[in-house]
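Single-structure report; data block below.
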Amino acid sequence: MIMFYNTLTRKKEEFKPIEEKIVKMYTCGPTVYDFAHIGNFRAYVFEDLLHRFLEFAGYNVIRVMNITDVDDKTITGAIKNKVSLEEYTETYINAFFEDMECLKLKKATYFPRATQHIPEMVSLIKILLEKGNAYFKDGSVYFRISTFPSYGKLSHYDFNKILTSSTDSDEYEKEEARDFALWKAVKDEPFYWDTEIGRGRPGWHIECSAMSMKYLGETFDIHTGGVDNIFPHHENEIAQSEAATGKKFVNYWLHCAHLLVNGEKMSKSKGNFYTLRDLLKKNYDPAGIRYLLLTTHYRDPLNFTEQSLKQAEKTVNNLNAFYQRVSFGIQTQTSCETNIEKKICKTFENFFDALADDLNISAAMGEIFKFIHDVNESFDLGKMSSKDSEKIISFLDKINEIIAVIEPIKEPLPDEIASLIKKREQARKEKNYAVADSIRNQLSEKGILLEDTPYGTRWIRKQKTT
Ligand code: AMP
Ligand code: ZN
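Using the working numbering, you'd call the opening residue of the sequence shown number 1 and step up by one each time.
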């Protein structure tokens, strides 16, 4: 049974998709006015874990991630750089895809862009106007929140306490201060669309309603984002969509807590951010960054420090070293005394169950480290056969479908190195330790570390240290 914490009900609930074996999932994607920072990537890594886990559990995941390529910031950027909106956002769209690849984030099935879905947004707005859920004011269109009584059900805010009447200082002259823009009239700006509801550009919230329903249907399974999206963005998405269709919009809402810096949300406006590129320039390893963002439970805030990143890199190095140890180790052909199959089955079961419990990745990784510890012990005692190794490797490959941080070096040992290892073994047999040590040093310079075990010498490649 898979359980997820649903922001809508504030409870962990059993996950049951609408269609058997298919999950339809929507992720709020980037606003492409700049490079994404690793706070954004915390959200995308959490969503990647969810995506990978659902596939691992046997579901076919149909996923949409939108690209917000028109808003105040993209417009300001394009005007400042004297280029079209398309030209301006292209750089950041390409950079985003590169960053996704670098962090091994699975591609969504669709990456719809707001600017390419204006007709869908206009149709939705027209329905809301016809139904009386929206109104024109000064060429713009606003959602009339008073017509949607369950407004606030996602964020659990008490809207009675929030100002509901318009005020003199309300520049847009809305009926109520809390009403939000669906369509913004454009008079002097260079970027606009001429449509049935006038010349203008879309508000932010409407794009996610229009694009999610276009690709996933009027009701779909999962909608995700960071907690900052709950209000107003997701609350508004629910209001627009449900008012238009009369149907429940989304069954499960999952939100991740923020990546923090010194206790504050990492954000562009606070200036306390690192882009992925900043960290790569400092020579950090993408797998370490992914591991750091992945392995704190998604609903717990994560405080970012370079120290914690270094620690994450070390852990990834250890995982790789273990993988290499098992795959390249010189093993005896003795029969299996360790009952490895049973251990793998149990670990796999526990790993899966931990993730099925609202993506408890820390507990899931705990199972893997326990397994590694036990296997290492059996290795040290010379109890592993090469058949055992094969089974362990295929188990690790399976786990890596979810964590995606192990980067196995699959090439065989180069002849030159193999012969040096043999020479050293011979020297040790002859108790010629000076020669043995000098060969060990020679190999170390070539990035090969040796380990003497009860049944021979094993080698691993040195990992990068930051
Ligand atoms: P934006 O481009 O600001 O719309 O954000 C894209 C995604 O990143 C959204 O899901 C946000 O909730 C998420 N996000 C932004 N800042 C952070 C942060 N510091 N920690 C976690 N998620 C964040
Ligand atoms: Zn959205």
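We put the CB at the ideal spot given by N, CA and C, even for glycine.
DSSP three-state assignment for residue i, whether helix, strand or coil
i, result
"HIS234", "helix"
"CYS256", "strand"
"SER169", "Bear in mind that the predicted position of SER169 carries a pLDDT of just 47, short of 50, making it too unreliable to give a figure here."
"THR315", "helix"
"ARG10", "coil"
"ILE2", "coil"
"ALA134", "strand"
"TYR59", "coil"
"GLU407", "coil"
"LYS281", "helix"
"THR219", "coil"
"LYS265", "strand"
"GLU68", "What sits at residue 68 in the sequence shown is Thr, not Glu. Of the three classes helix, strand and coil, the one that applies to THR68 here is strand, per DSSP."
"HIS37", "strand"
"LEU147", "For the sequence presented, residue 147 should be read as Thr rather than Leu. THR147 falls in the helix class under three-state DSSP."
Residue i Cβ short of 6 Å to the ligand ZN heavy atom set
i, result
"CYS208", "yes"
"CYS28", "yes"
Distance cut-off 6 Å: residue i Cβ against heavy atoms of the ligand AMP
i, result
"HIS258", "yes"
"ASP69", "no"
"ASN303", "no"
"GLY552", "Lying before the first or after the last residue shown, residue 552 is absent from the chain, which here runs from 1 to 466."
"MET25", "no"
"LYS383", "no"
"LYS265", "yes"
"GLY39", "yes"
"THR31", "yes"
"ALA108", "no"
"ARG113", "no"
"ASN81", "no"
"ASN229", "yes"
"ARG178", "no"
"ARG144", "no"
"ALA354", "no"
Burial state of residue i, where buried means 16 or more other Cβ atoms lie within 10 Å
i, result
"CYS345", "exposed"
"HIS117", "buried"
"GLU47", "buried"
"PRO112", "buried"
"GLU189", "exposed"
"PHE4", "buried"
"ASP168", "Bear in mind that a pLDDT of 44 at ASP168, under 50, signals an unreliable position, so the number given afterwards is only what the model happens to contain. Result: exposed."
"ILE75", "buried"
"LEU413", "exposed"
"MET384", "buried"
"GLN307", "exposed"
"ARG199", "exposed"
"ASP437", "exposed"
"ASN339", "exposed"
is_contact[residue i, chain D] using C-beta, thresh 7 Å
i, result
"GLU235", "Chain labels in this structure do not include chain D; a single protein chain is all it has."
**OP:** Could you tell me which uninterrupted beta strand (DSSP E) segments, each at least 3 residues in length, are contained entirely in the segment 171–204, listed from first to last along the chain?
**Re:** 180–185, 193–195, 198–202
Original post:
Touch check for the segment 81–93 and the segment 203–213: three-plus C-beta pairs under 8 Å?
Top reply: no
Original post:
Which runs of the beta strand (DSSP E), 3 residues or longer, sit entirely within the segment 328–389?
Top reply: none
Original post:
Okay, do the segment 421–439 and the segment 289–300 touch, 3+ Cβ pairs below 8 Å being the bar?
Top reply: no
**OP:** Indicate whether the contact test is met: 3 or more Cβ pairs, each with one atom in the segment 93–100 and one in the segment 49–60, closer than 8 Å.
**Re:** no
Subject >> the segment 13–21 contacting the segment 317–328, beta-carbon criterion three pairs below 8 Å >> reply: no
Original post:
Can at least three beta-carbon pairs, one atom from the segment 233–251 and one from the segment 140–148, be found at a separation below 8 Å?
Top reply: yes
Original post:
Counting only runs that start and end within the segment 68–143, where is the alpha helix (DSSP H) found for 4 or more residues in a row?
Top reply: 72–80, 85–102, 118–130
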